[in-house]
Amino acid sequence: MPEIPNLQPFVQAVRCGSFIAAATRLQVTPPAVSKSIAALERELGVRLFNRTTRKLSLTSEGRQFFERVAPLLIQLDEAVTDVRRSPEHPEGLIKVSVTPTFGRHCLTPVIAEFLQRYPLVEIDINYDETAPSLVNDGVDVSIQHARGRGTNHVCRPLCDYPIVLVASRDYLGRKGVPQSPDELAEHDFVGIRTPFGLAALHLERLPGGTRKGAARREKTFIHHPRGRLTVAGQPDVSLIAAIRGAGIAPSSVPAVLPYLHSGALKIVLPEYRVRADEGDGVGPRIYVHYPHRQYLPAKVRVFVDYLLERLRTTDIGKAELDQYSA
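Right, dumping it as structure tokens:
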């Protein structure tokens, strides 16, 4: 059976991507990490890493071993930690991955409050549109539009996240103001490209609408936007293009509120919202992903519970949006 002291350097090397970074995390020297991993490979009788001067990558045996060992080390570390300290005072580093727009406009203020309440916890945030692997990428909590269908983690709805269509007054003056979803085909769009491809817009009319005389029922339209500009990775960039008259852009409410307030942008079809569509990862619902409870460290459990308490019942931006949707 492999010695436990040799397992931790192996797991950290995978998560950090190099022996040097793993040594820094473990507060040991790089040769010590290399020696531990070499000893582990001798014990197992297999090579765990493909070593080159430019890149460190796992062999197929190394990948299989990592996926089985990493959760067990989390359990062991958590067992030791729970014995040493009270669960009411969690401590340690939490690695969080979050979609950029939601992270900047909604999550960061909540995290600031969380850190004030739990002074022994540290948080490392990565703003990324792509959904990471909780195990392979060493992420504790992932917050994304995509629901995901993995069997090795928990996925829970966190909050609703309204998305509207906006355009500049200059653009609408040149192209006209669409009065129905059918007229969107005549307009240019700033497209949003997701990891699944160019996002289609699933428009759903609000019950009763927001305009006088709107039908009191919901109706959904699907529009495949066309335009000469597509944005990937940074959805907020589409707002800059929309302000310059490039076309109509979908935007989350928190991101667009300052531009609505200044008059730089105006809501298009205010009685409609872009509804959730799990197929392309774009929609008004945000999900929180984290490991199963049996592998969940106390610090992560407290953090997830705090997010659910603060955000789960929040209809983000609805009150502010109403004044611009009349």
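Numbering follows full-length UniProt numbering, in which position 149 of the sequence shown is assigned residue number 149; successive positions increment by one, without gaps. We treat Cβ as the ideally placed atom computed from N, Cα and C, and that holds for glycine. Keep in mind that this is a model prediction, so the values were computed, not measured.
According to DSSP, is residue i part of a helix, a strand, or is it coil?
{"i": "residue 17", "result": "coil"}
{"i": "residue 89", "result": "coil"}
{"i": "residue 27", "result": "coil"}
{"i": "residue 142", "result": "strand"}
{"i": "residue 174", "result": "helix"}
{"i": "residue 103", "result": "helix"}
{"i": "residue 118", "result": "coil"}
{"i": "residue 346", "result": "Outside the displayed span of the chain (1 to 326) sits residue 346, for which this structure offers no information."}
{"i": "residue 230", "result": "strand"}
{"i": "residue 147", "result": "coil"}
{"i": "residue 413", "result": "Past the boundaries of the shown model lies residue 413; the chain is included only from 1 to 326, so the question cannot be answered."}
{"i": "residue 134", "result": "coil"}
{"i": "residue 182", "result": "helix"}
Taking the beta strand (DSSP E) that residue i belongs to, which residues open and close that run?
{"i": "residue 92", "result": "92-98"}
{"i": "residue 124", "result": "121-127"}
{"i": "residue 58", "result": "56-58"}
{"i": "residue 273", "result": "272-274"}
{"i": "residue 47", "result": "No beta strand (DSSP E) holds residue 47; DSSP gives it neither H nor E."}
I'd like the span of the alpha helix (DSSP H) that includes residue i, first residue to last.
{"i": "residue 43", "result": "30-44"}
{"i": "residue 310", "result": "298-311"}
Looking only at DSSP bridge pairs, what is residue i linked to?
{"i": "residue 290", "result": "154"}
{"i": "residue 164", "result": "251"}
{"i": "residue 221", "result": "203"}
{"i": "residue 242", "result": "DSSP lists no partner for residue 242."}
{"i": "residue 266", "result": "167"}
{"i": "residue 285", "result": "160"}
{"i": "residue 51", "result": "56"}
Return the CA-CA distance between residue i and residue j, expressed in angstroms with no decimal places.
{"i": "residue 8", "j": "residue 62", "result": "14 Å"}
{"i": "residue 67", "j": "residue 255", "result": "38 Å"}
{"i": "residue 200", "j": "residue 5", "result": "50 Å"}
{"i": "residue 222", "j": "residue 189", "result": "14 Å"}
{"i": "residue 100", "j": "residue 107", "result": "10 Å"}
{"i": "residue 171", "j": "residue 102", "result": "27 Å"}
{"i": "residue 309", "j": "residue 118", "result": "15 Å"}
{"i": "residue 21", "j": "residue 13", "result": "7 Å"}
{"i": "residue 272", "j": "residue 165", "result": "8 Å"}
{"i": "residue 42", "j": "residue 301", "result": "37 Å"}
{"i": "residue 105", "j": "residue 38", "result": "45 Å"}
{"i": "residue 48", "j": "residue 70", "result": "14 Å"}
{"i": "residue 306", "j": "residue 98", "result": "16 Å"}
{"i": "residue 298", "j": "residue 141", "result": "13 Å"}
{"i": "residue 231", "j": "residue 237", "result": "7 Å"}
{"i": "residue 50", "j": "residue 93", "result": "29 Å"}
{"i": "residue 45", "j": "residue 18", "result": "22 Å"}
{"i": "residue 120", "j": "residue 112", "result": "13 Å"}
{"i": "residue 116", "j": "residue 179", "result": "48 Å"}
{"i": "residue 260", "j": "residue 11", "result": "48 Å"}
{"i": "residue 15", "j": "residue 23", "result": "12 Å"}
{"i": "residue 153", "j": "residue 52", "result": "32 Å"}
{"i": "residue 123", "j": "residue 303", "result": "10 Å"}
{"i": "residue 215", "j": "residue 207", "result": "Note on residue 215: pLDDT 42, under 50, position unreliable in the model; no value is reported."}
{"i": "residue 270", "j": "residue 205", "result": "9 Å"}
{"i": "residue 162", "j": "residue 250", "result": "10 Å"}
{"i": "residue 169", "j": "residue 146", "result": "32 Å"}
{"i": "residue 241", "j": "residue 262", "result": "16 Å"}
{"i": "residue 279", "j": "residue 292", "result": "Its pLDDT being 47, under 50, residue 279 is placed unreliably in this model, and the value from its coordinates should be taken loosely. Spanning the two alpha carbons is a distance of roughly 24 Å."}
{"i": "residue 181", "j": "residue 167", "result": "15 Å"}
{"i": "residue 35", "j": "residue 56", "result": "16 Å"}
Taking 7 Å as the cut-off, is the beta-carbon of residue i closer than that to any non-hydrogen atom of the ligand HEM?
{"i": "residue 243", "result": "As for the ligand HEM, it is missing from this structure, which has no ligand bound."}
Below 8 Å, can you find three or more Cβ-Cβ pairs linking the segment 149-168 to the segment 285-301?
yes
Touching or not, the segment 226-236 and the segment 172-192, by the rule of three or more beta carbon pairs under 8 Å?
In short, these stretches touch, since the Cβ pair count reaches three.
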